[in-house]
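Notes for the one structure printed next.
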Amino acid sequence: MNDKIARDEKSSVWAKLFGRALHVYFALTRSMTLGVRAACFDAEGRIFLVRHSYIAGWHMPGGGVERHETVEQALEKELREEGNLVISGEPQLFHVYFNNRTSKRDHVVFYRVEVTQTAPRKPDREIVESGFFPRDALPPGTTNATFRRLEELEGTARPSNYW
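Residue numbering for the sequence shown follows the UniProt record's numbering, starting at 1 and increasing by one per position.
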């Protein structure tokens, strides 16, 4: 048991350092960071969430928009990489948020999409867990931002301008 705790603590420290290094790199190479994230629903109405190795909690999939890449290309790439997900139909742009908790220049373009999964996503160094969950049975550790975005999508909360 103590070995597992020690490994988890080392993993947590590595994850924080890695996350910080990524943001420093992006700060040096971009004047503004832009990301995409999506509420991905399957045919049963369940939402797809991921748990990363480098940040706590369950999140909707997404990632950065690279140079020479459209927002929709980034969305398709991130959903494929983080969940083996394929978008069915047209992605619905929901809102653009200022993510001032990450940095003073980070923005997130948020979509609602219907998806199919080509194969279960196997855990790796980036995504340690993932899956589809009913709205009323989200996993423990689901982030507050994820809950807020779902409330906004459902119309029970007004969209914020901040992630």
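Heads up, the beta-carbon is just placed ideally off N, CA and C, and yes, glycines get one too. Fair warning: this is a prediction, and the values are worked out from it, not measured in the lab.
- If the five residues before and after serine 160 are omitted, its C-beta is found closer than 8 Å to the C-beta atoms of Tyr97, Arg148, Glu152, all from its own chain and listed in chain order.
- Glutamate 129 is bridged by DSSP to Arg51.
- Annotation for threonine 33: the continuous beta strand (DSSP E) segment containing it runs 33-41.
- Residue state for glutamate 152 is assigned as helix, using DSSP reduced to three classes.
- Using a Cβ distance threshold of 9 Å, proline 140 and arginine 46 do not count as a contacting pair.
- Counted as a single uninterrupted DSSP element, the stretch harbouring arginine 101 is not any alpha helix (DSSP H), since DSSP gives it neither H nor E.
- Taking glycine 89 as the centre and dropping the five residues before and after it, the same chain places the C-beta of Glu114 closer than 6 Å to its C-beta, in chain order.
- Going by DSSP, glutamate 114 is part of the beta strand (DSSP E) stretching over 106-117.
- When secondary structure is reduced to three states using DSSP, leucine 22 falls in the helix class.
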